[in-house]
Amino acid sequence: MSRLLAAILVSATILTPLSAQAFGLGNIPGMGAQSDNAGSTDLSGAQDQLVKQYVSAAQSVFDGDAKMADALKLTTNAASDRAASATLTEGATKGALSDANKTASENSNAIAEALKHTENMDAPAKAQFAAGIVSLAQGVVKYVGLKGAFDSFANGLSSVSPMMLPKLQSGAYIISSLPSNLKTLTSSLKNAIAYAKSHDIAVPKDATAGL
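Plus 4 on top of the position in the sequence shown (first one is 1) and you've got my numbering.
What follows is the structure, given as structure tokens:
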């Protein structure tokens with residue numbers, strides 16, 4: 005698992021600097037100068053692709069958190085994660101994405117707090133917790149894999165007409181929130197792995213899927 009964690013933490017730095025001014029976006033590191041045909045970029049299509057991939061990643065994270073919450077007997081949090089995942093669609097609005105992030109944050113915090121006070125798990129709970137780590141790791145990998153769609157949309161958004169912004173709020177929200185979300189998720193993953201290592205919980209090799 006140490007190799008998995010190292011790979012994810014290093015990969016996360018790809019996106020973290022791109023939080024640059026969210027809606028200013030003119031000086032996002034690594035973007036370079038705008039090309040002559042930048043204005044013709046299909047931002048609507050780029051937004052659709054970005055949101056679709058983001059939702060897939062978020063659903064993996066929700067699945068992971070729900071499994072870990074079940075292992076910790078946090079039934080309300082587990083149910084909340086699954087409900088949020090079920091209602092999050094590929095065409096999610098800014099409001100839906102924001103609500104999903106709030107739910108994910110609250111339940112992730114509940115899991116972190118519960119881990120501080122949980123010394124022992126039975127065998128079924130350990131298996132469930134390990135499965136949760138796998139799903140969470142897959143979600144983080146998917147978020148890192150957003151870089152292409154992230155760059156494409158952010159590059160176009162940096163020069164878009166203000167009149168178009170109301171139609172691009174979902175994508176703009178992802179641009180502004182993804183770097184910090186990824187940092188938080190990698191921290192949660194690191195915490196879960198550390199707990200597993202110190203409590204004799206074997207993490208399946210599937211946790212490296214996608215790397």
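Heads up, the beta-carbon is just placed ideally off N, CA and C, and yes, glycines get one too.
All values derive from a computational prediction rather than experimental measurement.
| Item | Value |
| --- | --- |
| Exposure label - Pro-170; buried when at least 16 CB within 10 Å | exposed |
| Burial state of Ala-61, where buried means 16 or more other Cβ atoms lie within 10 Å | buried |
| Val-59 - containing alpha helix (DSSP H), residue span | 47-75 |
| Exposure of Ala-108, with buried meaning 16 or more beta-carbon neighbours within 10 Å | buried |
| C-alpha gap between Lys-120 and Pro-166, whole angstroms | 47 Å |
| Coil, strand or helix - Asp-126 by DSSP | coil |
| Range covered by the alpha helix (DSSP H) that runs through Ala-104 | 98-120 |
| Simplified DSSP assignment, three categories, for Thr-91 | helix |
| Residue from Ala-83, Ala-50, Ser-112 whose Cα sits closest to the Cα of Ser-191 | Ser-112 |
| Contacts around Gln-38, its chain only, beta-carbon distance under 8 Å, and the 5 residues preceding and following it disregarded | Bear in mind that the predicted position of Gln-38 carries a pLDDT of just 40, short of 50, making it unreliable; the figure below should be weighed with that in mind. The residues are Asn-159, Ser-162, Ser-163. |
| Residue environment, Lys-71, which counts as buried when at least 16 other CB atoms sit within 10 Å | buried |
| Bounding residues of the alpha helix (DSSP H) (the contiguous stretch that carries Asp-155) | 151-161 |
| Gly-68 to Asp-74 span [Cα, whole Å] | 10 Å |
| Cβ pair count under 8 Å reaching 3, the segment 45-55 against the segment 93-104 | yes |
| Residue range of the alpha helix (DSSP H) that includes Leu-186 | 173-202 |
| Contact set for Ala-129: own chain, Cβ-Cβ below 7 Å, skip 5 residues either direction | Ala-75 |
| Member of Asp-46, Ala-200, Ser-184 whose CA lies at the smallest distance from the CA of Ile-137 | Ala-200 |
| Environment of Lys-183 [buried if 16+ CB atoms lie within 10 Å] | The residue asked about is misnamed: residue 183 is Pro in this sequence, not Lys. The residue is buried, with at least 16 neighbouring Cβ atoms inside 10 Å. |
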